[in-house]
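Visitor: For reference, the structure I am asking about is given below.
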Amino acid sequence: MNRHEKSRLTILNGRSDTNIRFDDLHRLLHYLKFEECIRSSHHIFRREGIEEKPNLQRDGHKAKPYQVAQVRRLIVKYELGGK
């Protein structure tokens with residue numbers, strides 16, 4: 001199991017949204033084939049076939065919990081990165 005899969009499973013678990021590192025969430029979205037556009041402190045991701053556009057911002061070294069939840073909903077809704 002690679003680190004992207006571990007990050008995906010941790011996010012899907014939903015028990016530690018406040019402890020997800022921004023860099024891990026950022027790398028996971030790239031691994032899931034999202035394209036990134038940076039506007040100031042906003043990292044906006046998009047992917048063909050996916051209506052939603054996750055918008056990440058750092059909270060120190062951590063990702064913001066509500067943004068982790070948004071990414072989790074995308075992974076589940078579009079069945080990204082496995083079952």
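Mind the numbering: the sequence shown is residues 1 to 83 in our numbering, read in order.
Built from N, CA and C at the ideal position, the CB exists for glycine as well.
Less than 9 Å between the beta carbons of Gln-67 and Leu-25, yes or no?
Guide: Contact check for Gln-67 against Leu-25 passes: the beta carbons are separated by less than 9 Å.
Visitor: For the segment 18–66, which segments carrying the beta strand (DSSP E) assignment without a break, of at least 3 residues, lie completely within its bounds, in sequence order?
Guide: 35–39 and 42–46
Visitor: Quick check: the Cα distance between Ile-38 and His-30, rounded to an integer number of angstroms?
Guide: If you draw a straight line from the Cα of Ile-38 to the Cα of His-30, it comes to about 13 Å.
Visitor: What's the C-alpha gap between His-61 and Ser-7?
Guide: Each residue's Cα considered, the two are about 15 Å apart.
Visitor: Go ahead and pull the three-state DSSP assignment for Ser-7.
Guide: helix
Visitor: Of the choices His-42, Val-71, Glu-51 and Arg-47, whose alpha-carbon is the least far from that of Arg-58?
Guide: His-42
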